[in-house]
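Enquirer: Here's a structure for you.
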Amino acid sequence: MEEINRQLKKGMIDILLLKLLEQGPMYGYQLITTLDKKSGGVFASREGTLYPVLYRLEDGGFIKSFWEKSSDKRAVPRKYYEITDGGKQKLFNSTEDLKRLFKAIQLILGDDLL
Amino acid sequence: MNHEINEYVGRVMSYITADESIKSRLAEDLSAHILEASQGGDVEEIIRRMGNPQEMAQDLMDSLYQDKQDVLKALIKAKAEARYAASYYEYKSKRQLFGLPLVHIKFGFGKKGVGVAKGIIAIGNISVGAISIGGLAVGGLCFGGLCAGLLSFGGLALALLLAVGGVSVGAFSVGGLAVGLFSFGGCAIASHIALGGYAGAHVAIGGQANGAYAISTDSSGGSTLQTAAATAAQVKALILKGYPDMPGWIVNLFTMFFK
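Heads up: the protein sequence lines correspond to chains D and V, in order. For the first sequence, my numbering gives the first residue as 24, with consecutive numbering after it. For the second sequence, my numbering gives the first residue as 1363, with consecutive numbering after it.
Encoded structure:
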């Protein structure tokens, strides 16, 4: 069950990241902590392991990144990620696919899903 | 940047099998991530929470590669790179002269291309230097399969001054096939003086000699230098007939082969 759980989370992570970035640019650490908080800890992942997913999305043209230099208030430079138009389209398509998938699962599992 | 972060990230990267570009991206982001996470906190605590470098590398790799095929491709690529690294050798001396290392040795083939050594003394697949030794050697004094320079010694030797080789081209050339102003060889062709089994020049001495001034003993059909049964005095006279002002040391070079 542990492996299925892991694979399910892995399959969902792209769409969740795109959804978060749809609300505005975010840096890596912020994405990870937000994902953790908003999912009630379900999508808490080891720190840093989301970066390869971000690279895949960036290489696919679904998000883009930019560095914001450190300032007087903040000593650490930040690399922000923001969603592209292609990413928004992918988010829309993936959400539609997911709806169909959940609907089909619900048809089989019925009330057990709740 | 914090030494502990550098050390941790470096150790994580040492366990990762991926392109250098991906590794550098990961290292940069992981470092920024730890810095961000440790704002107002303790770096050691953050690193401890992240787990040991091996586990972190495993998680990153798991996230990096989506299926078995990706993993296999990365492993094969890593193996090829390791093989290249093993066959690669480079040494560059710290001491420099005219902005070049005193000694530069570089051998290897691979994605980084062929090893090119550049130094005062250069040794490599391709070498460029005052003293240059290599498959392809270019410079002042060159030794190599194919070499070009002031003084060249090699399979194919091209030189401004002296070329010695299987095939040699130079002001003074010595070789199986020697072409130059002054040539010595199995087949010696020169604009001025040639000495050889076959000699073709303004002044030609040889088994078979062809020139305005020639000593040849090929009437029997032989074509080796030994068959040119001339004396040193005859050769000297011939050269001075063709070139009355020829320096003595050049004349001596050609007469030294005869009694």
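Ideal placement from N, C-alpha and C gives every residue a C-beta, glycine not left out.
Whole alpha helix (DSSP H) runs in the stretch 60–125 of chain D with 4 or more residues, listed along the chain?
Expert: DSSP runs (the alpha helix (DSSP H)) wholly in the stretch 60–125 of chain D: 74–82.
Enquirer: If we ignore side chains and look at the alpha-carbon of each, how far apart do Val-1531/V and Phe-1544/V end up?
Expert: C-alpha separation (whole angstroms): 10 Å.
Enquirer: If we count the other Cβ atoms within 10 Å of its Cβ and call it buried at 16 or more, is Asp-37/D buried or exposed?
Expert: When all chains shown are included, Asp-37/D counts as buried.
Enquirer: What's the gap between the Cα of Tyr-50/D and the Cα of Ala-1442/V?
Expert: So the alpha carbons of these two residues sit roughly 35 Å apart.
Enquirer: Please return the same chain residues whose Cβ sits closer than 8 Å to the Cβ of Val-1371/V, not counting the five positions on each side in sequence.
Expert: Cβ within range, chain order: Ala-1389, Leu-1392, Ser-1393, Ile-1396.
Enquirer: Report, in whole angstroms, the separation of the C-beta atoms of Val-1565/V and Leu-1600/V, which I expect to be a contact under 8 Å.
Expert: Between Leu-1600/V and Val-1565/V the Cβ distance is about 6 Å, and since that is below 8 Å, they are a contact.
Enquirer: If you count every other CB in all the chains shown that lies within 10 Å of the CB of Ile-1438/V, and 16 or more means buried, which is it?
Expert: Answer is exposed; the Cβ neighbour count stays below 16.
Enquirer: 8 Å is my cut-off, CB to CB: does Gln-1431/V come that close to chain D?
Expert: Closer than 8 Å: no.
Enquirer: Check whether the Cβ atoms of Leu-1539/V and Phe-1546/V lie closer than 8 Å to each other.
Expert: Going by C-beta atoms, Leu-1539/V is not nearer than 8 Å to Phe-1546/V.
Enquirer: Is the beta carbon of Ala-1380/V sitting closer than 8 Å to the one on Leu-1426/V?
Expert: Contact flag set, yes.
Enquirer: Take Tyr-1450/V as the anchor and find which of Ala-1552/V, His-1365/V, Gly-1475/V, Val-1405/V has the nearest alpha-carbon.
Expert: The candidate whose alpha carbon is nearest that of Tyr-1450/V is Gly-1475/V.
Enquirer: Name, please, each residue of chain D whose Cβ falls closer than 7 Å to the Cβ of Gly-1413/V.
Expert: Under the 7 Å cutoff, chain D gives Arg-69.
Enquirer: By the three-class DSSP mapping on this structure, what secondary structure does Phe-1546/V have?
Expert: Reduced to three states, the DSSP call for Phe-1546/V is strand.
Enquirer: Of all Cβ atoms in chain V, is any one closer than 8 Å to the Cβ of Gln-30/D?
Expert: Not closer than 8 Å to any Cβ of chain V, the Cβ of Gln-30/D fails to qualify, so no.
Enquirer: Is there a C-beta anywhere in chain D that falls below 8 Å from the one on Met-1375/V?
Expert: So, not an interface residue.
Enquirer: Does the Cβ-Cβ distance between Gly-1516/V and Cys-1509/V come in under 8 Å?
Expert: Yes, Cβ-Cβ distance for Gly-1516/V and Cys-1509/V is below 8 Å.
Enquirer: Of all the CB atoms in chain D, is at least one closer than 8 Å to the CB of Arg-1387/V?
Expert: For Arg-1387/V, the answer is yes, since a Cβ of chain D falls inside 8 Å of its Cβ.
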